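Colleague:
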Amino acid sequence: MNIVIVGSGYVGLVSGVCFAEMGVNVTCVDVNKEKINKLQKGIIPIYEPGLEEMVKKNMQAKRLSFSTSLSSCIKEAELVFSAVGTPESEDGGADLSFVYQVAREFGQNIDKYTVLVIKSTVPVGTSKTIKQIINEELDKRGEKIPFDVANNPEFLKEGVAIKDFMSPDRVVIGVESQRAKELLTQLYRPFLLNNFRVIFTDIPSAEMIKYASNAMLATRISFMNDIANLCEKVGADVNMVRKGVGADTRIGSKFLYPGCGYGGSCFPKDVKALIKTAKDVGYEMRVLQAVEQVNSYQKQIVFNKLYDFYKGELKDKNICVWGLSFKPETDDMREATSLVIIDKLLKAGCRVKVYDPVAMKECYNRLQDKVIYAKDMYQAVEQADALLLLTEWKEFRLPSWQILKNKMKKPLIIDGRNIYDAKELEKEGFDYFCIGK
């Protein structure tokens with residue numbers, strides 16, 4: 039089977055290489071010539087464990103190739119996946135300009151029955167507009183070529199994206215015809231050997247499942263953060279509360295870890311987009327509005343604890359930040375808590391030194407010389423008046439307390455991810471603050 043994936047970002051590249059791993063002939067298309075040139079040389083533009091090796095393996099096997107032109111490879115394809123970005127627009131909705139451009143090129147170039155599969159996260163109802171655009175392009179050509187539009191949302195978690203794709207909880211596919219269903223069933227048949235579920239729905243339901251899933255996970259995070267903040271006020275321990283709540287089989291323990299807010303390319307954008315979708319049809323998503331407000335507050339909580347400790351006297355303080363990416367095992371800093379904290383530290387007159395195992399280059403791209411970049415985690419804390427832990431990378435979990443204490447000007451740790459033991463830190467002579475305790 040031959041497929042084309044338009045958009046060689048996180049979703050497109052991971053999807054393409056995983057399909058190729060299963061024996062599909064895949065061409066990944068992107069308008070960014072520099073990115074495609076690098077991919078053709080085996081240089082990966084994103085950090086994802088295991089991805090580089092799989093890309094090189096499948097390129098050598100000639101199952102995976104890269105191009106800047108959809109028109110040059112669409113004739114051989116039975117399925118074209120749209121995995122282009124849908125960034126947040128000024129009004130909080132999803133910017134669909136890239137998705138619509140793919141639809142136009144699809145209509146301009148198909149010469150036989152082909153299915154356009156939307157893997158990009160798009161608001162409910164987008165498929166109708168996509169079909170209209172394709173028909174308009176076919177009318178301009180004077181052609182009556184059959185096609186279908188389908189929706190196949192992705193549920194990849196950065197850091198374990200390959201595992202998620204190869205062994206997913208479920209595959210959701212929205213279709214309108216039996217022909218499209220059969221073609222997509224054929225594509226996903228190798229994955230059926232692992233006995234996972236393929237859920238076929240109508241297209242609007244598939245579009246909604248993606249948003250509802252991310253909104254539910256974001257809600258659980260914000261709810262637990264709200265509970266954590268209340269625990270601090272009433273003297274409860276949120277870690278004990280989390281375990282007690284998560285032990286209920288109706289609730290479960292996943293996404294109940296309190297911290298300093300969620301970030302990334304999905305949760306913030308998708309929550310806002312779902313709120314905007316509801317507003318457009320005259321409905322108010324009250325719960326999700328609160329979820330967004332709690333998360334915005336939570337991203338500032340580590341700074342607030344630092345501010346309170348020093349009674350607002352932060353000018354000329356040396357502050358170390360461990361962790362820049364929005365989560366471990368990725369260099370993605372989109373909507374990262376670190377960006378909010380660093381901005382507030384700089385405005386308060388602090389000198390900020392940062393360290394992250396993989397996101398230093400991305401941080402420099404965003405902040406340039408506004409912060410100091412350390413070579414390792416221990417160099418970062420030299421003469422620090424405080425250490426702020428914002429991303430729970432494994433190498434941060436068991437540091438040498440003696441080295442930290444010797445290097446730091448003030449043995450103060452504010453743990454935004456609750457990975458340390460308060461009693462141990464206090465025994466070692468640190469002032470220690472975490473979330474919800």
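Using our numbering, you'd call the opening residue of the sequence shown number 39 and step up by one each time.
Ideal Cβ positions, reconstructed from N, Cα and C, are used throughout, including at glycine.
All values derive from a computational prediction rather than experimental measurement.
1. Give the straight-line distance between the Cα atoms of Ser303 and Thr315, rounded to the nearest whole angstrom.
2. What span of residues does the alpha helix (DSSP H) with Gly212 cover, start to end?
3. Helix, strand or coil: how does DSSP classify Asp133 here?
4. Would DSSP call Val378 helix, strand or coil?
5. Just the C-alpha distance for Lys71 and Cys472, rounded to the nearest angstrom, thanks.
6. Just to confirm, is the Cβ distance from Asn456 to Pro296 under 8 Å?
7. Go through its chain and collect everything with a Cβ distance to Gln78's Cβ below 6 Å, but skip five positions before and after it.
8. Would you mind giving the Cβ-Cβ distance between Cys56 and Ile200, rounded to the nearest angstrom? I have them listed as a contact below 8 Å.
9. Nearest-angstrom Cα distance between Met415 and Val160?
10. If you draw a straight line from the C-alpha of Lys382 to the C-alpha of Thr375, how long is it?
11. So Trp360 is in the beta strand (DSSP E); what residue range does that whole segment cover?
12. With a CB to CB cut of under 7 Å and the five nearest residues on each side skipped, what residues in its chain are close to Leu194?
13. With DSSP run on the structure shown, which of helix, strand or coil describes Phe119?
14. So, under 8 Å CB-CB, Lys157 and Ala121 are touching, yes? Tell me the CB distance rounded to an integer number of Å.
15. Here's a check: name, in chain order, each residue in its chain whose Cβ is nearer than 7 Å to the Cβ of Gly284, leaving out the five neighbours to either side.
16. Pull up the CB-CB distance for Gly299 and Asn333, whole angstroms please, since I reckon it's below 8 Å.
17. Exposed or buried, what is Pro449 when buried is set at 16 or more other beta-carbons lying within 10 Å of its beta-carbon?
18. Cα-Cα, which of Glu114, Asn342, Ile357, Gly123 is closest to Thr65?
19. Using 8 Å as the threshold, is the C-beta distance between Tyr85 and Thr287 below it?
20. Below 8 Å on the Cβ atoms is my guess for Gly145 versus Glu174; work out the distance and round it to an integer in Å.
21. Based on Cα-Cα distance, which residue from Gly454, Ser260, Lys355 lies nearest to Lys343?
22. Can you tell me whether DSSP reads Asp186 as helix, strand or coil?
23. Output the distance between the C-alpha atoms of Ile172 and Glu59, rounded to the nearest integer angstrom.
24. Which same chain residues, not among the five before or five after Glu400, have their C-beta less than 7 Å away from its C-beta?
25. Could you tell me whether the Cβ atoms of Ala141 and Ile183 are closer together than 8 Å?
26. Can you tell me which residues form a DSSP beta bridge with Cys66?
27. Check this for me: beta carbons of Arg235 and Arg217, under 8 Å apart or not?
28. Grouping DSSP H, G and I as helix and E and B as strand, with all else coil, what is Val162?
29. For Lys307, I'd like the list of residues in its chain whose CB is within less than 6 Å of its CB, leaving aside the five on either flank, ordered along the chain.
30. Going by DSSP, what residue range makes up the alpha helix (DSSP H) through Arg324?
Modeller: Walking through what the data contain:
1. Here residue 303 refers to the residue found at position 265 of the sequence shown. Here residue 315 refers to the residue found at position 277 of the sequence shown. Across the structure, Ser303 and Thr315 are spaced so that their CA atoms are roughly 18 Å apart.
2. Here residue 212 is taken as the residue at index 174 of the sequence shown, counted from 1. Unbroken run through Gly212 is the beta strand (DSSP E), 208 to 212; no alpha helix (DSSP H).
3. As a working mapping, residue 133 is identified with position 95 in the sequence shown. The answer is coil: DSSP assigns Asp133 none of H, G, I, E or B.
4. On the sequence shown, residue 378 is found 340 positions in, with the first residue counted as 1. Val378 carries a helical assignment under DSSP once its states are collapsed to helix, strand and coil.
5. Translated into positions along the sequence shown, residue 71 becomes position 33. Translated into positions along the sequence shown, residue 472 becomes position 434. Cα-Cα distance, rounded: 45 Å.
6. On the sequence shown, position 418 is the one that residue 456 refers to. On the sequence shown, position 258 is the one that residue 296 refers to. Contact check for Asn456 against Pro296 passes: the beta carbons are separated by less than 8 Å.
7. If you number the sequence shown from 1, residue 78 lands on position 40. Only Phe104 meet the Cβ criterion.
8. As a working mapping, residue 56 is identified with position 18 in the sequence shown. As a working mapping, residue 200 is identified with position 162 in the sequence shown. Indeed they touch by this definition, with Cβ atoms about 6 Å apart.
9. As a working mapping, residue 415 is identified with position 377 in the sequence shown. As a working mapping, residue 160 is identified with position 122 in the sequence shown. It is roughly 40 Å from the alpha-carbon of Met415 to the alpha-carbon of Val160.
10. Locating residue 382 in the sequence shown gives position 344, where the first residue counts as 1. Locating residue 375 in the sequence shown gives position 337, where the first residue counts as 1. One Cα belongs to Lys382, the other to Thr375, and the distance between them is close to 11 Å.
11. As a first step, residue 360 must be located in the sequence shown, where it is residue number 322. Taken as a continuous stretch (DSSP letters only), the beta strand (DSSP E) holding Trp360 covers 356 to 360.
12. Your numbering for residue 194 matches position 156 in the sequence shown. If we look at Leu194 and ignore the five residues flanking it on each side, its Cβ neighbours are Val49, Val52, Asp202, Phe203.
13. As a first step, residue 119 is located in the sequence shown; it is residue number 81 there, counting from the start. In the three-state DSSP reduction, Phe119 falls in the strand class (E or B).
14. Counting from one through the sequence shown, the residue named residue 157 turns up at place 119. Counting from one through the sequence shown, the residue named residue 121 turns up at place 83. Rounded, the Cβ-Cβ distance is 4 Å, consistent with contact.
15. Here residue 284 refers to the residue found at position 246 when the sequence shown is read from its first residue. Gly290, Ser291, Leu294, listed in sequence order.
16. Position 261 of the sequence shown, counting from 1, holds the residue named residue 299. Position 295 of the sequence shown, counting from 1, holds the residue named residue 333. Gly299 to Asn333, Cβ: 5 Å. Contact.
17. Numbered from its first residue, the sequence shown carries residue 449 at position 411. Buried, because 16 or more other Cβ atoms sit within 10 Å of the Cβ of Pro449.
18. As a position in the sequence shown, residue 65 is number 27, starting the count at 1. Cα-wise, what sits closest to Thr65 is Glu114.
19. For the purposes of this step, residue 85 is identified with residue 47 of the sequence shown, where counting begins at 1. For the purposes of this step, residue 287 is identified with residue 249 of the sequence shown, where counting begins at 1. 8 Å or more divides the Cβ of Tyr85 from the Cβ of Thr287.
20. To locate residue 145, count along the sequence shown from 1; it is residue 107. To locate residue 174, count along the sequence shown from 1; it is residue 136. Their Cβ separation, rounded to whole angstroms, is 7 Å, which keeps Gly145 and Glu174 in contact under 8 Å.
21. Counted from its first residue, the sequence shown places residue 343 at position 305. Ranking the options by Cα distance to Lys343, first place goes to Gly454.
22. Sequence index remark: in the sequence shown, residue 186 carries index 148 (1-based). Correct three-state label for Asp186: strand.
23. Here residue 172 corresponds to residue number 134 of the sequence shown, with the count starting at 1. Here residue 59 corresponds to residue number 21 of the sequence shown, with the count starting at 1. About 31 Å.
24. The residue you call residue 400 lines up with position 362 of the sequence shown. Non-local beta-carbon contacts of Glu400 in its own chain, meaning distances under 7 Å to residues more than five positions away in sequence, involve Asp369, Met371 in chain order.
25. Counting from 1 along the sequence shown, the entry for residue 141 is found at position 103. Counting from 1 along the sequence shown, the entry for residue 183 is found at position 145. Cβ atoms of Ala141 and Ile183: not closer than 8 Å.
26. Stepping through the sequence shown from its first residue, residue 66 is reached at position 28. Cys66 is bridged to Ile43, Phe104.
27. Counting from 1 along the sequence shown, the entry for residue 235 is found at position 197. Counting from 1 along the sequence shown, the entry for residue 217 is found at position 179. Result no, Cβ atoms of Arg235 and Arg217 do not sit closer than 8 Å.
28. In the sequence shown, the residue the question calls residue 162 occupies position 124. Coil.
29. Residue mapping note: residue 307 aligns to position 269 of the sequence shown, counting from 1. Cβ within range, chain order: Glu126.
30. Position 286 of the sequence shown, counted from the first residue, corresponds to residue 324. Run containing Arg324: 324 to 336, per the alpha helix (DSSP H) assignment.
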